[in-house]
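In our numbering, the protein residues as written are 6 to 177.
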């Protein structure tokens, strides 16, 4: 399974960069995005899988290269998850951070796709944490809970797809 998490900073609607500078920086990313998209097509043609993750509002989701993942033969409908459902919180205010996220690819996800559990209030993603880190950069990391659920979804998908019983070896 090929997984891509392209940097969405330049593709965010909230980006305050000068449009000309942003376009030049996006052009620098183009080769990597095209390569990832090409690898996704190769995976699909071989019957293998791919998955790309982006925040819901990212313009990268409609970008030519990444947009092509939606058209793969084995593609699933885009799946949306809320990271607050997996315990993403601001480290200082302790408020949940929603970070609605699209997961696009060839794997039907069950455990790693959740709606907001009804949080009364969310921490805004704009701005910086007390330590100077941008909240969006902090929120880009995955919680342990989301990581475990995503790994479990991929494991389950491969087990069904290949009708194989995987054996998990332990160091114990």
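C-beta: ideal position from N, C-alpha, C; glycine also.
Model, not experiment: these values are computed from the prediction.
Residue i - partner residues in DSSP beta bridges
i: residue 8; result: 56
i: residue 94; result: 101
i: residue 110; result: 56
i: residue 139; result: 133
Three-state secondary structure (DSSP) of residue i
i: residue 84; result: strand
i: residue 162; result: helix
i: residue 146; result: coil
Neighbour-count burial assignment, residue i, 16 or more Cβ in a 10 Å radius
i: residue 182; result: The requested residue 182 does not occur in the structure, where the chain is confined to residues 6 to 177.
i: residue 40; result: exposed
i: residue 177; result: Annotation note: pLDDT 49 at residue 177 (below 50); position unreliable, no value reported.
i: residue 125; result: exposed
i: residue 76; result: exposed
i: residue 167; result: exposed
i: residue 23; result: exposed
i: residue 26; result: exposed
i: residue 43; result: exposed
i: residue 37; result: exposed
Whole-Å CB distance - residue i paired with residue j, under 8 Å assumed
i: residue 84; j: residue 114; result: 5 Å
Proximity test, residue i beta-carbon vs the ligand HEM heavy atom, cut-off 6 Å
i: residue 23; result: By its list of ligands, the structure shown contains no ligand whatsoever, and the ligand HEM lies outside what it can speak to.
Using 8 Å as the threshold, is the segment 48-66 in touch with the segment 103-119, meaning 3 or more CB pairs across them? Contact holds: three or more Cβ-Cβ distances are below 8 Å.
Assess contact between the segment 133-151 and the segment 90-103, defined as three or more Cβ pairs (one per stretch) separated by less than 8 Å. Is contact present? yes
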